[in-house]
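Residues in the sequence shown are numbered consecutively from 3, following this note's numbering.
This report refers to the structure that appears directly beneath it.
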Amino acid sequence: MSVNTPSSSVPTGASRFQVHVVNEGRGSGAAMSDSTDPPHYEETSFGDEAQNRLRISFRPGNQESYDNFIQNGDAAKTDTTFHAYDSHTNTYYLQTFGHNTMDAVPKIEYYRNTGSVSGPKVNRPSLLEIHEQLAKNVAVAPGSADRVANGDGMPGDEQAENKEEDTAGVVKFGWVKGVLVRCMLNIWGVMLFIRLSWIVGEAGIGLGVIIIGLAVTVTAITGLSTSAIATNGYVRGGGAYYLISRSLGPEFGGSIGLIFAFANAVAVAMYVVGFAETVVDLLKESDSMMVDPTNDIRIIGSITVVILLGISVAGMEWEAKAQVILLVILLIAIANFFIGTVIPSNNEKKSRGFFNYQASIFAENFGPSFTKGEGFFSVFAIFFPAATGILAGANISGDLEDPQDAIPRGTMLAIFITTVAYIGVAICVAACVVRDATGSINDTIVSGMNCNGSAACELGYDFSRCQHEPCQYGLMNNFQVMSMVSGFGPLITAGIFSATLSSALASLVSAPKVFQALCKDNIFKGLQFFAKGYGKNNEPLRGYLLTFVIAMAFILIAELNVIAPIISNFFLASYALINFSCFHASYAKSPGWRPAYGIYNMWVSLFGAILCCAVMFVINWWAAVITYVIELSLYIYVTYKKPDVNWGSSTQALSYVSALDNALELTTVEDHVKNFRPQCIVLTGGPMARPALLDITHAFTKNSGLCICCEVFVGPRKLCVKEMNSGMAKKQAWLIKNKIKAFYAAVAADYFRDGVRSLLQASGLGRMKPNTLVIGYKKNWRKAPLSEIENYVGILHDAFDFEIGVVIVRISQGFDISPVLQVQDELEKLEQERLALEAAIKDNESEEGKGGIRGLFKKAGKLNITKPAPKKDSNINTIQSMHVGEFNQKLVEASAQFKKKQGKGTIDVWWLFDDGGLTLLIPYILTLRKKWKDCKLRIYVGGKINRIEEEKISMASLLSKFRIKFADIHIIGDINIKPNKESWKVFEELIEPYRLHESHKDLTTAEKLKRESPWKITDAELEAVKEKSYRQVRLNELLQEHSRAANLIVLSLPVARKGSISDLLYMAWLEILTKNLPPVLLVRGNHKNVLTFYS
3 MSVNTPSSSV PTGASRFQVH VVNEGRGSGA AMSDSTDPPH YEETSFGDEA QNRLRISFRP
63 GNQESYDNFI QNGDAAKTDT TFHAYDSHTN TYYLQTFGHN TMDAVPKIEY YRNTGSVSGP
123 KVNRPSLLEI HEQLAKNVAV APGSADRVAN GDGMPGDEQA ENKEEDTAGV VKFGWVKGVL
183 VRCMLNIWGV MLFIRLSWIV GEAGIGLGVI IIGLAVTVTA ITGLSTSAIA TNGYVRGGGA
243 YYLISRSLGP EFGGSIGLIF AFANAVAVAM YVVGFAETVV DLLKESDSMM VDPTNDIRII
303 GSITVVILLG ISVAGMEWEA KAQVILLVIL LIAIANFFIG TVIPSNNEKK SRGFFNYQAS
363 IFAENFGPSF TKGEGFFSVF AIFFPAATGI LAGANISGDL EDPQDAIPRG TMLAIFITTV
423 AYIGVAICVA ACVVRDATGS INDTIVSGMN CNGSAACELG YDFSRCQHEP CQYGLMNNFQ
483 VMSMVSGFGP LITAGIFSAT LSSALASLVS APKVFQALCK DNIFKGLQFF AKGYGKNNEP
543 LRGYLLTFVI AMAFILIAEL NVIAPIISNF FLASYALINF SCFHASYAKS PGWRPAYGIY
603 NMWVSLFGAI LCCAVMFVIN WWAAVITYVI ELSLYIYVTY KKPDVNWGSS TQALSYVSAL
663 DNALELTTVE DHVKNFRPQC IVLTGGPMAR PALLDITHAF TKNSGLCICC EVFVGPRKLC
723 VKEMNSGMAK KQAWLIKNKI KAFYAAVAAD YFRDGVRSLL QASGLGRMKP NTLVIGYKKN
783 WRKAPLSEIE NYVGILHDAF DFEIGVVIVR ISQGFDISPV LQVQDELEKL EQERLALEAA
843 IKDNESEEGK GGIRGLFKKA GKLNITKPAP KKDSNINTIQ SMHVGEFNQK LVEASAQFKK
903 KQGKGTIDVW WLFDDGGLTL LIPYILTLRK KWKDCKLRIY VGGKINRIEE EKISMASLLS
963 KFRIKFADIH IIGDINIKPN KESWKVFEEL IEPYRLHESH KDLTTAEKLK RESPWKITDA
1023 ELEAVKEKSY RQVRLNELLQ EHSRAANLIV LSLPVARKGS ISDLLYMAWL EILTKNLPPV
1083 LLVRGNHKNV LTFYS
């Protein structure tokens, strides 16, 4: 904030002050210089942040001038001990790098969420504090000034700071231990050791590499999308669920999060059963079976999962150490294989098809050789689960030091390393081992035998009988090829153990973490129990137990061949949504989508999503269908429940973009009478204050036109704007909660009419601009101040000036239920205080007298129990004196009358003046609504007594051309006759208090009366419009006669010509016209056609 100083306060020869980090003391030599440099602009030096203090040094003669500036300028005036270079007093927080301003420099603390574990949130000075005149006496809490100046927090941030201190012992992982190790272990599964040789045997080296490449394409694209989403803001715990839910919203996130957590839990059982099967095979070889193969798998699997649970519950640090050990074993096993390929083969291994690296074997195995029932896609379906596991690191995002850096780096590097390993193993094993081998060392080629041309034959072995009978060895037949090829076979078994156990351990950790994040968001209300965490790391112990129970259940089944494809599809569905999330966020073009990881493309992400969906059907079509059905069901459930969360999802951003595009496209469409619809501004004030007015308007705008509930705040702008902004979201939320399709808009103005005028001109967007003003009838106009009446009638004049139609609605009880709402609010507060006090007393009694009455007051203080101060002349006391129960009952019933279904009856339309058809269109729209569909239209029009039948036929013809159904048409021929004396007398009594009666005074007195009371009704005016006054009174007589029993009356609104009809006379017309009638809509269109009979 720049400060302009008056020239009188600073000598002309003085230069402006400088800001430096200098030694303590006002008059130190360091701060004073003998230099006579010419005047120059101020410069700011930022020293070591650890010092946390900024000092001001002055050129000769400047210090006194600056002191004068502080005292005479518009700066803050505090106690006499405050100086601009003083950083010790409590007012130092008013300065930013030495300037006397509250403007704050950018810092990360201002952008944190409340309760952030990464540091305390600091509140920057509000725009109001910067913009408004600074208070002369600034009260600052002791010690808070230095904290704010140093960026340590604001008063009241102690709770956040304590939370930060509590996280001091939390174990966090870097990108290697947290992401790289986990992803590599999860991707390198059992498939690497016992299925990869078979896959390359079936598909050949060429197609085998393509299969690996296709699988890696899916995972790599998903990895890029994951990296982009993970670097678009701070990532909390929850892994795939967190990434999807914060991108696509709770509907997608909640549905995929639940099945993803379940998939991880069942995956624990799959990996443990794989481990148990390997152990059981070893027991078979050594003839050491415990019971039988199936039960042995159950026993070993149960023991294993209990041990893994113990490691997980012991803490993430122990689990990470176990993962590192398992990775070392796995790397040794892989290295052992590559070493084995170069160790010269012996006769036994040759008989089983292993001949070391041979060009002839490579050439023979390059092409495919699918056995019966196998093909490219079936082999791909078997291999693809081996490439999954890329989210193992992301799933523990809450335990990473820097998820934004760790997830992209660790995930993409893991994909690269494991891909190289898969391709390397596939090529090496296919270049060393033939597809079929007998295992007999006697099947050698002897001289004189014909060679069948195979690579084995060229190398001296005849395996031709494998073409006629099954063989046990070779790539196609032996799943233990890698053990045979390796330098030391048991290491491959250890590698299998490591792969299965590490994957099981990773899934056992991932499932509870994802599930806990899902439960914390409270999307599924019944799962809140599992949100609780324990210890410094917020460990989800309850989630661990649930995962353990699920895993044990599937381990005891011991047959996972049916569930395995579904689990694979669950993972693929997660990958598809992550890719779609990245595409969707990019496509929505939200300014908030700014991923730090730039190596991604929205169309590539979309291709990855489509590819994932295709792979789901390739792996197993029925499992894909089941996955989609489950996900769709959960999506519908979450959508129906509408969780109260707002994460700024790309779905919201795209909704905005779509709405904006549609609004812009609508501006290119010319208006046409066939597309006319009432688009209303409703002067409801707060929408909950006049529900009946909003209900009747909503009845003819719902699903067809624009409806804006408007409120004008009158008074000092500062207070009005604050009140307006604080209630904006609450009132729009009320509309949504009550399923009212309307917008809320408010303005602050010095006068009510000015505010409405602003709304009439500026509301709406493009073609979606209001064309009709809906306002409640001013029931208390006779008791209201004259200014309110002038404003009310002036609003009608303004609407007509802007060519906007007007609808005035009148009901017997009036619309404003604010007194009722105020009573309800006060009663609710009293009830809450009573319950809080009872709870405090109960707690005190449960402590068996400990602490005595002082303890009770202490607890009551914590609950903010205070005795409500009596309010003088409050609305509550006034209403209570009016028998509040009876008063409220009538008002509440009247306010809800348009919410009820209207029974069989009529809507009487008195279409007296042609206003373009709005008077007829509104009741027609009402008859289309469910609540009004049983009401028939009766049309009343004026006519000549001697032409009633002709005019009735003419009106029926017009209505039929408009395709508007009606029950009856009445031609009223006696509108213009004088009303009876009793009715006219009522009207005269109505206007009597407002008449000037100047005709009975002399000219001078009459002129004086006109000057003193220009708002009164003059005799000349009353005589000039006497016929019109007769008409209003006569119309009320006719309405009483014909429409007293109608459900609703729609009547042409008389227009008061500006300058001719006084405000009070016009209000008297409206009063007498609508007196003692059912609900009345006084309607006047803008005299432009809203109906047409052309197609």
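Cβ atoms here follow ideal geometry from the backbone N, Cα and C, with glycine treated the same way.
Beta-carbon proximity check, R197 vs F573, cutoff 8 Å: Taking C-beta atoms as the reference points, R197 and F573 fail to come closer than 8 Å.
W605 classed as buried or exposed, judged by whether at least 16 other C-beta atoms fall within 10 angstroms: Exposed, since its Cβ has fewer than 16 Cβ neighbours within 10 Å.
If you reduce the DSSP assignment to three classes, tell me which class M770 lands in. The DSSP-derived three-state label of M770 is strand.
Mind checking N1078: buried by the 16 CB within 10 Å criterion, or exposed? N1078 is exposed by the Cβ-count criterion.
Bridge partner(s) assigned by DSSP for L939: L939 is bridged to I909.
State the DSSP-derived secondary structure class of R467, mapped to helix, strand or coil. Reduced to three states, the DSSP call for R467 is helix.
Residues of its chain near D917, where Cβ-Cβ distance is below 6 Å and the 5 sequence neighbours each way are ignored: For D917, same chain residues with a beta-carbon under 6 Å away, outside a window of 5 residues either side, are R1086, G1087 and H1089 in chain order.
How should N338 be labelled, buried or exposed, when 16 other C-beta atoms within 10 angstroms of its C-beta is the threshold for buried? Buried is the label assigned to N338, since at least 16 other Cβ atoms lie within 10 Å of its Cβ.
Could you tell me which uninterrupted beta strand (DSSP E) segments, each at least 3 residues in length, are contained entirely in the stretch 771-839, listed from first to last along the chain? Listed in chain order, they are 774-778 and 807-812.
Going by Cα to Cα distance, which pick from G650, L696 and I559 is closest to V268? Of all alpha-carbon atoms in G650, L696 and I559, the one lying nearest the alpha-carbon of V268 is that of I559.
Closest by C-alpha distance to I494, when choosing among G707, N1049, I334 and M272: The residue with the shortest Cα to Cα distance from I494 is I334.
Which residue from K538, S512, V511 and P542 puts its Cα closest to that of K522? With distances taken between Cα atoms, K522 lies closest to P542.
Give the straight-line distance between the Cα atoms of S765 and L656, rounded to the nearest whole angstrom. About 24 Å.
Given R769, which residues of its chain have a CB within under 8 Å of its CB, disregarding the five upstream and five downstream residues? Once the five neighbours on either side are set aside, the close Cβ partners of R769 are A665, L668, T669, V671 and D673.
Is the beta carbon of I384 within less than 7 Å of some heavy atom of the ligand NAP? With respect to the ligand NAP, the structure shown offers nothing to examine, as it has no ligands at all.
Give a yes or no on whether the C-beta atoms belonging to L1050 and P1080 are separated by under 8 Å. Between L1050 and P1080, the gap from beta carbon to beta carbon is short of 8 Å.
Unbroken alpha helix (DSSP H) run spanning F368, endpoints: Run containing F368: none; DSSP gives neither H nor E here.
Just curious, the beta strand (DSSP E) that V173 is in, first and last residue? Annotation for V173: no beta strand (DSSP E) segment contains it, and DSSP assigns it neither H nor E.
Nearest to T233 by CA position, among R596, V758, G240 and V178, is which residue? It is R596.
Could you spell out where the beta strand (DSSP E) holding D970 opens and where it closes? Run containing D970: D970 to I974, per the beta strand (DSSP E) assignment.
Tell me which same chain residues have a C-beta within less than 8 Å of the C-beta of K179, skipping the five on either side of it? Taken in chain order, the residues that qualify are A322, Q325 and V326.
Cβ pair L613, V220 closer than 8 Å: Yes; because the gap between Cβ atoms is below 8 Å, this pair is in contact.
Please state the DSSP three-state secondary structure of V436. The answer is coil: DSSP assigns V436 none of H, G, I, E or B.
Given F745, which residues of its chain have a CB within under 6 Å of its CB, disregarding the five upstream and five downstream residues? Contacts found: I710.
Inter-residue spacing [alpha-carbon to alpha-carbon] between I947 and E953: Those two C-alpha atoms are separated by around 10 Å.
Whole angstroms is fine: what's the gap from I941's alpha carbon to V640's? When rounded, the distance between both Cα atoms is 48 Å.
Might you give, ordered along the chain, the residues of its own chain that have their beta carbon closer than 6 Å to the beta carbon of L998, omitting 5 neighbours on each side? Around L998: L1011, K1018 and T1020.
H90 by DSSP, collapsed to three states: which one? Any reading at H90 must be qualified, since the residue scores a pLDDT of 44, below 50, and its modelled position is unreliable; the value itself is stated next. Coil, per DSSP.
Classify P8: buried if its beta carbon has 16 or more other beta carbons within 10 angstroms, exposed otherwise. Below a pLDDT of 50, predicted positions are generally treated as unreliable, and P8, at 41, falls in that range; the measurement from the model is reported next regardless. Residue environment analysis places P8 among the exposed positions, since fewer than 16 neighbouring C-beta atoms fall within 10 angstroms of its C-beta.
Evaluate contact between the stretch 535-554 and the stretch 195-214, counting only Cβ atoms and requiring at least three cross-stretch pairs below 8 Å. The stretch 535-554 makes no contact with the stretch 195-214; the number of CB pairs closer than 8 Å stays below 3.
For M3, does the three-state DSSP call read helix, strand or coil? Note on M3: pLDDT 40, under 50, position unreliable in the model; no value is reported.
Runs of alpha helix (DSSP H) wholly within the stretch 611-652 (minimum 4 residues, chain order): The stretch 611-652 contains these whole alpha helix (DSSP H) runs: 623-643.
Expressed to the nearest angstrom, what Euclidean distance is found between the alpha-carbon atoms of E1 and K785? This structure cannot speak to residue 1, because the chain is shown only from 3 to 1097.
Where D289 falls, given that 16 or more other Cβ within 10 Å makes a residue buried: D289 should be labelled exposed.
Closest Cα partner of G441 within the set Y463, D1065 and V422: Measuring from the Cα of G441, the nearest candidate turns out to be Y463.
Candidates Y243, M104 and W913: which alpha carbon is nearest S576's? When only C-alpha atoms are compared, the closest one is Y243.
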